[in-house]
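The structure under discussion appears below in the form of structure tokens.
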Amino acid sequence: MKDAAGLFVAVLAVLVGRLGGTEPDGGLCVERSCFAVFRHSGDFTSAQSHCEERNGHLMTVSSSESRDVLAQLLRNFSGRFWIGLHRSTGCPNATSPLKGYEWTAKDAQGDFANWAPSFDGSCSSPRCVTVSEVDRLQWVQEPCDAPVTGFLCEYHFAYSCKSIMIDGEAPAYDTPLGFGGGDLHSLPPGSIATLTPSKRKFVCYELWVEAPWSCEILEGGCEHKCAMNDDHEPSCSCPPGLSINPVNQITCEADALDQCARLLCQYACLEGEDGAHACACDHGFTLAPDGRSCVDFNDCSDERQCPGENTRCVNTVGGFKCECEGGFKLTDGSCVDHNECASAPCEHMCDNTPGSYKCSCYGGYRVDPLDTNHTVCIDMDECGDSYCDHGCRNTYGSYVCSCRKGFTLVDEVFCVRNEDEDEDADGSGEAATTPNAPTVTPHEVAPTRGTVFTHKTCTEKHFFEHEVWLHLQLKQWNRKIFT
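Residue numbers -21 to -1, 1 to 462, in mature numbering (1 follows the signal peptide of the UniProt record, and there is no 0), belong to the letters of the sequence shown in order.
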């Protein structure tokens, strides 16, 4: 096995770059260089800073080979992406291939250029560059503070590992740069390869080193725990009831001699008096039909739970809780009625009821049928009930009667012909009017037209006169209340 200390230093230095930050949406490696594409909107400066956080820089496209890599990176991505080409000062130089621009990687060499035909040679032209598939990967000038689709990073390493080729095994790679897959042909230091179906693991350290490797690095590749054995070699261990896979030496599997391990209980495995083993669940749960899973038990199915008056039982995961019914609140251990009327929910009058309340309106008003909460009162059109002999004008909470010309208003509702008026007068026009003050009684008690008040046979006129009489009596009673 390679020197453990050297492996630890080399690989850990790469793995540190994986902590936090934005993960790439794709990537590939060519020999000792890796490239990653990030769909993370931002300006040129923030993109360069992100690449530098992982010891890289914005991608350099200084050759036809690197342009081919660029084409592979962006083949599945749309939008504009920053590359490492920019002009820090001065005006464009039309005589040089890079036209006065330079790469963020100072060691970049070559005269390769791929400018778009729209290149602007003025001193006020944008100083940064993006590429996209729409522009056929040509270099397009872009204001450095533009929030483009994303950016491309480039990383270099001292060595790399070739892809693993083992008959009957399919490798899956996970690189320390945040991208992976099974079709990578070159891997950077610190990359992990997992083989299927054996589940053997390898780490890239100059060559592929099979797990268990140094315990300080990702638990040596062990599924559970890594520790040094008596021979001072890393060794994997498993939790009770499981044992190390004899083929790959890193994964854990059920112990053939452990009955509980075979049961795969979700919560606990208990041994009975007869030596048989069975799964068990925690309080508030019951065993599912599969004999190993635990499902919540509805504690509220027991009517003895929450016995207090005006209380209800609410089932929770693994237990239950007692709550007061709506309109009640907990006071000194009991659920007592909460006086909702204290918060004035009604526009006019409020009547508190056990666990609730009811709104009502003053006389001349009714509950708004469009109000779903039934708390708002609107004016009621009394003129529709024909209390007045002649004219009627509705007012807020009341109404005003009036008489035609030649008539006098009597008792606020009746119109009596004046004795000195001509019998043939046409009766056009209006005379006296008398406002009717609103009452404070709920509108539900107002008499309705046609109600029979006696056992005598009554005509329609009698009905109407009696109704008016009762209406006047109510008005006089209301006046006594306010005087």
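Ideal Cβ placement from N, Cα and C applies to all residues, glycine included.
Asked	Found
Check: Cys244 C-beta below 8 Å from any heavy atom of the ligand ZN	Among the components of this structure there are no ligands whatsoever, and the ligand ZN is therefore not found.
Three-way DSSP call (helix, strand, coil) for Ala257 in this model	strand
Terminal residues of the beta strand (DSSP E) in which Val293 lies	Thr290 to Thr295
Thr39 to Ala87 span [Cα, whole Å]	7 Å
Sequence ranges, beta strand (DSSP E) only - wholly within the stretch 125 to 205, length at least 3	129 to 135, 149 to 153, 171 to 175, 180 to 184 and 186 to 189
Contacting residues, own chain, Cβ-Cβ under 6 Å from Gln117 (five flanking each side not counted)	Asn93 and Ala95
Terminal residues of the beta strand (DSSP E) in which Leu388 lies	Phe386 to Val389
Those residues which DSSP pairs with Tyr344 across a bridge	Asp358
Same chain, Cβ closer than 8 Å to residue 463, neighbours up to 5 away in sequence not counted	Outside the displayed range of the chain (-21 to 462) lies residue 463, so it cannot be described from this structure.
Terminal residues of the beta strand (DSSP E) in which Gln120 lies	Val119 to Glu121
Per-residue DSSP class, three states only, for His353	coil
9 Å Cβ cutoff met for Cys356 and Tyr378	no
For Cys338 and Asp311, the rounded distance between their alpha carbons	29 Å
Length-filtered (3 minimum) beta strand (DSSP E) runs lying within the stretch 4 to 55	5 to 9, 12 to 17 and 35 to 37
Sequence-distant residues of the same chain with beta carbon closer than 7 Å to Ser42, five excluded per side	Gly89 and Phe91
Reduced DSSP secondary structure (H/G/I, E/B, other) of Ala240	helix
Neighbourhood of His422 by C-beta, 8 Å cutoff - its chain only, sequence neighbours within 5 removed	In this predicted model, His422 has a pLDDT of only 38, less than 50, meaning its place in the structure is not dependable; the value taken from the coordinates is given anyway. The answer, listed in chain order, is Ser339, Cys340, Tyr341, Gly342, Gly343, Tyr344, Arg345 and Met359.
Reference Gly287; option with closest CA among Pro150, Arg115 and Leu309	Leu309
According to DSSP, residues forming a beta bridge with Phe307	Asp316
Ala247 - DSSP class collapsed to helix/strand/coil	strand
For Cys279, the three-state DSSP class (helix, strand or coil)	helix
Contact under 9 Å by Cβ, Phe14 with Cys132	yes
Sequence-distant residues of the same chain with beta carbon closer than 7 Å to Gly199, five excluded per side	Ala190, Pro191, Trp192, Ser193, Cys205, Pro213 and Cys215
Neighbour-count burial assignment, His441, 16 or more Cβ in a 10 Å radius	Here His441 scores only 44 on pLDDT, less than 50, and its place in the model is too uncertain to base an answer on.
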